[in-house]
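S.K.: Under this note's numbering, the letters of the sequence shown match residues 983 to 1127, in that order.
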Amino acid sequence: MPIEPLSSQTLPALVTLVLALWPECSFEEEWESYQRLLTARDEVCYLAKEGPDYIGFIHLTLRTDYVEGASHSPVAYVEGLYVKPEFQHQGIGRLLMRAGEDWARENKCLEVASDTELDNTESLAFHQKLGFEEANRIVCLIKRL
């Protein structure tokens, strides 16, 4: 299974996958956001390819600010990880994570961090299967002024 870094040729496929993960987002905003990754040094995206189709992605950033549970800096942070449902449970997420971890090591990271929604038990199980340990549980709050 080929795992490819983001390129200008794969940008449309990436944005399509991002919108499958986060359908509330707009194509234009995601296009603009991910287009800047083409030249970013502190972020990376990899895409998984099956035949002519892109079927998953991972997006990581280097964080030097506080990361829950981390004891070193920088930390590679998984901002997004997605595999199309019909390709899940086939090791593709693991391959994407491995590519991300290799990038993290190249960038002197000793830790990789991620997050998931409290009720996303499938994502939590996936992370734990890959060796992630739960660092904390939080509830985010906001007040409109």
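Each residue gets a CB set at the ideal place from its N, CA and C atoms; glycine is no exception.
What you are looking at is a predicted structure, and each value in this text was computed from that prediction instead of being measured.
Quick one, are the C-beta atoms of Gly1082 and Val1065 less than 8 Å apart?
M.R.: no
S.K.: Name the two residues that bound the continuous alpha helix (DSSP H) containing Leu1077.
M.R.: 1074 to 1088
S.K.: Quick one: using the 10 Å Cβ neighbour count with 16 as the cut-off for buried, is Thr1046 buried or exposed?
M.R.: exposed
S.K.: Under 6 Å Cβ to Cβ from Glu1050, same chain only, skipping five residues before and after it: list those, please.
M.R.: Closer than 6 Å at the Cβ level, and outside the excluded window around Glu1050, lie Ala1117, Asn1118.
S.K.: With respect to the beta strand (DSSP E) encompassing Lys1031, which residues constitute its N-terminal and C-terminal limits?
M.R.: It spans 1025 to 1032 - the beta strand (DSSP E) in which Lys1031 sits, taken as one unbroken run.
S.K.: If Ile1040 and Leu1078 are in contact, beta carbons under 8 Å, what's the gap, nearest whole angstrom?
M.R.: Indeed they touch by this definition, with Cβ atoms about 4 Å apart.
S.K.: Whose C-alpha, out of Tyr1028, Leu996, Ser1053, His1109, is nearest the C-alpha of Glu1014?
M.R.: Leu996
S.K.: With Ala1058 as the anchor, note down where its alpha helix (DSSP H) starts and where it stops.
M.R.: Where Ala1058 is concerned, there is no enclosing alpha helix (DSSP H), although the beta strand (DSSP E) it sits in stretches over 1057 to 1065.
S.K.: Rounded to a whole number of angstroms, what is the C-alpha to C-alpha distance between Pro1067 and Arg1018?
M.R.: 27 Å
S.K.: Excluding the five sequence neighbours on either side, which residues of its own chain have a C-beta within less than 7 Å of the C-beta of Phe1069, listed in chain order?
M.R.: Glu1032, Ile1037, Gly1038
S.K.: Can you tell which of Ala1107, Ala1022, Trp1085, Leu1063 has the C-alpha that lies nearest to the C-alpha of Gly1075?
M.R.: Leu1063
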